[in-house]
Amino acid sequence: MRPDLLRFAHWLARDRALAEDIVQESLLRAWRSRDTLKDQGAARAWLLTIVRREHARLYERKRLELVSLDEALESQTAAKMADPDGDLFTLRNAIMRLPIEYREPLLLQVLGGFSTEEIARELALSTTAVLTRLFRARNKLRTFCGMAPAPDVVASEAAP
Amino acid sequence: MSCEQARLTIGADPEGSAPELERHLQECESCRQFRAEMRTLEAHIRRALERPPESARTARFTWRPLALAASVLLAMVAVLAVWVLRPSDTLAREVVAHVQEEPESWLARQNVDAQSIDEALRGAGVKLDITSDRISYAQSCWFRDHYVPHLVVQTAQGPATVLILRNQHVRTRRSFHEGGMSGVIVPAPQGSIAVLTRGGADTAAVAAQMQQDVRWLPDAS
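First to last, the protein sequences are chains A and B.
Numbering-wise (the numbering used here), the first sequence opens with residue 1 and increments by one.
Numbering-wise (the numbering used here), the second sequence opens with residue 1001 and increments by one.
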């Protein structure tokens, strides 16, 4: 379980040492509030949400700097796409550089297995907003797999 | 369902198969194509996220059987010789292997901006007193259990790769030729600096410049 949490935290924080801190603090919080976990089968999702919130708290506390994906997208060349490993390396870099508002729901969905509705609840967003963010996250990544970006969707992002 | 709604739904969850979406796809070739592309992308994303960022690239060569065989041989060498020779030789080899795993770094020609350089330096406990007009590549790479700045500096003789290796100490300057690259690892106040080239860049000059330009922060973890 801990490697899963660490991987999730690492992709969120983009820093190994920070991820270690986040997971350690999250496990402490989880231990203190273990009585609130009613369903043992939901432990993984419960821990992942604690990690996400701990990262959000740390982010607010330290005002961690974010990286704009747009510049990274523009700087990538088609030559990198020729090699399969280069593809993966470039895509991993692109995911790292996704703005947090896109990276976070994508990680919750792909690594956490959360549904759109669950992500909306966790992030205090409308389902439509989550759909839009997930669409835009993947649309930004299309370029890094040799695909043209799709036209943007017009769904509005509104808090519930 | 409109094409725009279909694409939003597909983009948000490429593996989804809601009945309304499936009905739309039966009649819309372009949206079917879009879903096929997004499912391909999704497979790539899942593969990309299988490992934590960066760490997998160095793990490939760290534990390969050859290294184990080498360690057995080294155990047979006199203890003093092992301590004197092994760290630097291994370091040079790993530096070369790391650079070989990022071939795209040599291709970059556009200068990176100061923010990208700061991002590459973050977590490594160093600052760089240099303008960005010579640096065409800047990444923070996972190397020997630490994040290290990986830079490519453009020189008049061609590009030179620089790895700023906090925590990797060498006693003396060491030149090497391996994997089609030549380079040098020089000692620094709190680690070392590796400079490599595939062409004619003057690695000694770049290393000397870096020894001046890199500031080692005292309180880095």
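Cβ coordinates follow ideal geometry from the N, Cα and C atoms, glycine included.
Treat the numbers as computed from the prediction; the structure is a model and nothing was measured.
In chain order, Pro105, Leu108, Gln109 and Val130 place their CB closer than 7 Å to the CB of isoleucine 119 of chain A, counting only its own chain and leaving out the 5 sequence neighbours on each side.
Here the alpha carbons of leucine 134 of chain A and threonine 36 of chain A stand approximately 30 Å from one another. In the DSSP assignment, cysteine 1003 of chain B falls outside any beta strand (DSSP E) and within the unbroken alpha helix (DSSP H) covering 1003 to 1012. Around phenylalanine 1034 of chain B, the beta-carbon contacts reaching into chain A at under 9 Å are Ala150. Distance from alanine 1070 of chain B to glutamate 1178 of chain B at the Cβ level is roughly 14 Å; contact not present, criterion being Cβ atoms closer than 8 Å. Around the C-beta of glutamine 1139 of chain B, 16 or more other C-beta atoms lie within 10 Å, and the residue is accordingly described as buried.
Contacts between isoleucine 1045 of chain B and chain A, judged by CB atoms closer than 8 Å, involve Leu91, Ile95, Leu106, Val110, Arg138 and Leu141 in chain order. Counting C-beta atoms within 10 angstroms of its own C-beta, cysteine 145 of chain A has 16 or more neighbours from the protein chains shown and is therefore classed as buried. B:Arg1051 is the residue among B:Gly1183, B:Ser1182, B:Gly1125 and B:Arg1051 whose C-alpha sits nearest the C-alpha of asparagine 93 of chain A. The three-state secondary structure of leucine 1074 of chain B, taken from DSSP, is helix.
In the three-state DSSP reduction, lysine 140 of chain A falls in the helix class (H, G or I).
Only residues of its own chain outside the window of five on either side were considered, and among them Leu69, Leu106, Ala137, Lys140 and Leu141 have a CB closer than 8 Å to the CB of leucine 98 of chain A, listed in chain order. In this structure, the alpha-carbon of alanine 1114 of chain B lies about 39 Å from that of alanine 30 of chain A. When DSSP reads this structure, valine 1186 of chain B sits in a beta bridge with B:Ile1193.
In the structure shown, phenylalanine 89 of chain A falls within a helical segment according to DSSP collapsed to helix, strand and coil. Here the region 1001 to 1010 of chain B lies against the region 1018 to 1029 of chain B, with 3 or more beta-carbon pairs under 8 Å apart.
Within the region 17 to 46 of chain A, those residues whose Cβ lies closer than 9 Å to any Cβ of chain B are, in chain order, Ala17, Leu18 and Ala19. Note on geometry: alpha-carbon atoms of isoleucine 1164 of chain B and threonine 1203 of chain B lie some 14 Å from one another. For chain B, the residues of the region 110 to 131 of chain A that bring a beta carbon within less than 7 Å of one of its beta carbons are Val110, Leu111, Thr116 and Leu131, in chain order. Between the beta-carbon of proline 1149 of chain B and that of alanine 1194 of chain B there is about 11 Å, and that puts the pair past the 8 Å contact cut. Burial state of glutamine 1209 of chain B is buried, judged by a 10 Å Cβ sphere holding 16 or more other Cβ atoms. Annotated three-state conformation of cysteine 1141 of chain B is strand, per DSSP.
With contacts defined by Cβ atoms closer than 9 Å, glutamate 54 of chain A and isoleucine 22 of chain A form a contacting pair. Neighbourhood of histidine 10 of chain A in chain B, by CB distance below 7 Å: Pro1052 and Pro1053, in chain order. Arginine 16 of chain A is not bridged by DSSP to any residue.
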